[in-house]
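Residue numbers (the numbering used here): -18 to 323. For each residue, glycine too, the CB sits at the ideal point set by N, CA and C.
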Ligand SMILES: *Cc1c(COP(=O)(O)O)cnc(C)c1O
């Protein structure tokens, strides 16, 4: 597959901004090359534009070469850049499988890129025939989300593999919730798929949504295209340092994930005892999709009692559905007790 031929013409021709740190990479005593304030503080110097130290650590814990890692201001930055790199505005399409995460459409819309939508099956898996019928030369990127938001389930790994190998374009598999799934996801097989981009994030299992740090893993060719078009200093020093500290205490994250999974079982079991709850969908994430009688009314009744869940009742295939994040034992108890009394 000729990946470069998939890249937009103007991006292929683009000469990226070269930072002072790009032009001199060694260490020196005196830095008078970047118009920084010379008086030392934690932040007077620009950050490393390619976040080498952080990528090395992430590479170690994910078992991936640092040259196959892109870091963004949240995975949302990676979603936006992938669309900008591969889709000609006003002409090309992305394909999404509904119901799914909203940012793929928003980023496409901002970039004037068109959207083909194919519904998932009723049990929220890929409909390969419907997908194939919608793939033509104008579709440049397929966005898949596994575990899927808002349904919570992993998509079939075999179907995803088939799609990646048969499609002459980029396939993005968004694994924001993979730490909560009893599955390894697509990172270990990244080298089999030159056109695959795997997205992960520090926002969910790592408990760092406020830090804004997302990861994209892909072939070196794709990563270098993203590096070429990103803002030069997209990850600030505070975020890079904090992420390094958090990775050093990965055991804390693992402990919290384990506790969230225990709470998920508790929440599911409690929800199943509530008469108005019609379906608790299977989940591989840190949330549950629940079909409940008069969902919209229940949503507002919960707000009146100071409990906020996500109303997904107007979303395709999600009639009368609420999406509920797994909280602390107290929060989950308060939610289920409240639902029982409504
Ligand atoms: C929460 C979420 C993300 C995370 O986005 P960030 O910008 O990294 O916070 C990505 N994809 C999906 C499907 C999500 O639900």
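Item, Value
"Would you kindly check if the distance between the Cβ of residue 56 and the Cβ of residue 188 is under 8 Å?", "no"
"Run through DSSP, which three-state label would residue 253 get?", "coil"
"With a threshold of 8 Å on Cβ separation, who are the neighbours of residue 294 within its own chain once the five nearest residues in sequence on each side are excluded?", "276, 277, 280, 300, 301, 302 and 303"
"So, with DSSP's three-state summary, where would you put residue 181?", "strand"
"Would residue 228 pass as a contact of residue 38 if the rule is Cβ separation under 8 Å?", "yes"
"So, with DSSP's three-state summary, where would you put residue 108?", "coil"
"For ligand 1, any of its heavy atoms closer than 7 Å to the Cβ of residue 55?", "yes"
"Can you pull the DSSP bridge partners for residue -7?", "In DSSP, residue -7 forms no bridge with anything."
"For residue 220, is the classification buried or exposed, using 16 other Cβ atoms within 10 angstroms of its Cβ as the cut-off for buried?", "buried"
"If you reduce the DSSP assignment to three classes, tell me which class residue 293 lands in.", "coil"
"Sorry if obvious, but does the Cβ on residue -10 come closer than 7 Å to a heavy atom of ligand 2?", "Ligand 2 is absent from the structure shown, which contains only ligand 1."
"Cβ atoms of residue 161 and residue 186: under 8 Å apart, would you say?", "yes"
"Among 298, 209, 66 and 305, whose alpha-carbon lies nearest the alpha-carbon of residue 81?", "298"
"Per DSSP, which one or two residues make a beta bridge with residue 100?", "79"
"Residue range of the beta strand (DSSP E) that residue 26 falls in?", "No beta strand (DSSP E) holds residue 26; DSSP gives it neither H nor E."
"Could I get the ranges of all uninterrupted beta strand (DSSP E) runs contained in the region 34 to 91, with 3 residues as the minimum, in chain order?", "50 to 53 and 74 to 79"
"With DSSP as the reference, identify every bridge partner of residue 155, one or two as the case may be.", "126 and 180"
"Counting Cβ pairs, one atom from each stretch, are 3 or more of them under 8 Å apart for the region 56 to 76 and the region 39 to 47?", "no"
"Got a sec, what are the start and stop residues for the beta strand (DSSP E) residue 273 sits in?", "268 to 273"
"Would you decide whether residue 32 is buried or exposed? Buried here means 16 or more other CB atoms lie within 10 Å of its CB.", "buried"
"Could you give the first and the last residue of the continuous alpha helix (DSSP H) run that contains residue 2?", "1 to 4"
"DSSP three-state call for residue 238: helix, strand or coil?", "helix"
"Taking the beta strand (DSSP E) that residue 314 belongs to, which residues open and close that run?", "No beta strand (DSSP E) contains residue 314, which is instead part of the alpha helix (DSSP H) from 310 to 322."
"How close, in whole Å, do the beta carbons of residue 73 and residue 119 come, if the pair is a contact with beta carbons under 8 Å?", "6 Å"
"Determine, using beta carbons only, whether residue 210 and residue -8 come nearer to each other than 8 Å.", "yes"
"Hey, quick one: how far does the alpha helix (DSSP H) through residue 141 stretch, first residue to last?", "138 to 147"
"Quick check on residue 228: does DSSP put it in helix, strand or coil?", "helix"
"What residue range is occupied by the uninterrupted alpha helix (DSSP H) comprising residue 199?", "Element bounds for residue 199: not the alpha helix (DSSP H) but the beta strand (DSSP E), 195 to 199."
"At a threshold of 7 Å, does residue 185 count as lining ligand 1 (C-beta to nearest heavy atom)?", "yes"
"With C-beta atoms as the reference, is residue 122 less than 8 Å away from residue 75?", "yes"
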